[in-house]
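J.:
Residue numbers (the numbering used here): 4 to 387.
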């Protein structure tokens, strides 16, 4: 057998796990089995798991093609998407095709499930029409789970059954499913820490392979409003007038502008929508994210919850969020205000970069003087 780019032990491990793969009932079962075996290595392929995972599958296919055994021939055929006579259902490999797309989620916008359905040309050999679900958590900006459901009707028949004013579902062009799911899957591949769902790793190979079958001709998304456009629209809104934020002056005006910028940046940092707010997003913003990203002086800390409340009210009206949902989100801001102020006071959740910047400002270093900043940072790093 020619030398493989993969360690021989890894090839042997996968082929050993796949020794009975030709005995599973359908091609779909075989693809799921191999995906699970490959998934064991997905988490370890950091920092950029996507290309590394593709290379792993390619190298395994090369090694399997050079191995003279029925399991190896099946593995090679699955990875290449070609038919094989090494399994009873081998003629079904490579015949799967997309059949539809859907999306569903909650009205807060915390989560969206992007769904693509697929079918084999010969169902008895290939297996039933099945759905691949890319579950996206918009608060963290990642795919938190990958689920394969067969038959697809088990999911599709439930869409809409439990719909209420806080949930939604809609058909989505397969090309749009590919565009959305690919972007979030890419972010997940690059994440420092993967979400904990075992099925995320187990189904990563199959999900990626199915995603590649979808059309790649989605219409470009409408250009999102620029941050300054959003902030300008907010400052002209009834919510800004009622809260008095558009009449702020002096230090309060600076704090309002800074806070509005943080509200927009929070969403952009997660690839999300600045108008999407929920109790969960409010908690992540006030108790975690802002302390790791921003230096807040007393004016900023006192003003930010008020800015957030007005922004949430305005954003909820803009996107048509039901009034009870807006009220629940505003209640969360009020409930978290004391803890937010405490964290601003203690600095216990500040990132090292924020701690250093806060100290630099406190010591009166001129931020416009790069030499002074560089000298201060050198001294700071030396004593810390």
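Every residue gets a Cβ at the ideal spot worked out from N, C-alpha and C, and that includes glycine.
Values in this document were obtained by computation on a predicted structure and should not be read as measured data.
Determine the direct distance from the alpha carbon of residue 40 to that of residue 20, and round the result to whole angstroms.
T.: 7 Å
J.: From this set, 296, 230, 106, 276, which residue's C-alpha is nearest residue 264's C-alpha?
T.: 230
J.: Is residue 17 buried or exposed, if buried means 16 or more other CB atoms sit within 10 Å of its CB?
T.: buried
J.: Quick one: residues in its chain with C-beta nearer than 6 Å to the C-beta of residue 278, no 5 flanking neighbours on either side, listed in chain order?
T.: 318, 321, 322
J.: Could you check whether residue 136 and residue 123 sit closer than 9 Å to each other, using their CB atoms as the reference points?
T.: no
J.: Cβ atoms of residue 283 and residue 191: under 9 Å apart, would you say?
T.: no
J.: Apply the 10 Å Cβ neighbour rule to residue 213 and answer buried if 16 or more other Cβ atoms are within range, or exposed otherwise.
T.: buried
J.: Would you mind reading off the limits of the beta strand (DSSP E) that contains residue 174?
T.: 170-174
J.: On the three-state DSSP scale, how would you describe residue 5?
T.: For residue 5, the predicted structure reports a pLDDT of 41, less than 50, and the residue's modelled location is therefore unreliable. A value from the coordinates is still provided. Correct three-state label for residue 5: coil.
J.: Grouping DSSP H, G and I as helix and E and B as strand, with all else coil, what is residue 133?
T.: strand
J.: Taking 9 Å as the threshold (C-beta atoms), are residue 242 and residue 313 in contact?
T.: Yes, the pair counts as a contact, with Cβ atoms nearer than the cut-off.
J.: Assuming residue 128 and residue 30 make a contact with CB atoms under 8 Å, what is their CB distance in whole Å?
T.: 6 Å
J.: Do residue 138 and residue 146 have their CB atoms nearer than 9 Å?
T.: yes
J.: Hey, is the region 210-228 in contact with the region 242-257, meaning 3+ C-beta pairs nearer than 8 Å?
T.: no
J.: Hey, out of 35, 189, 26, whose CA is closest to residue 50's CA?
T.: 189
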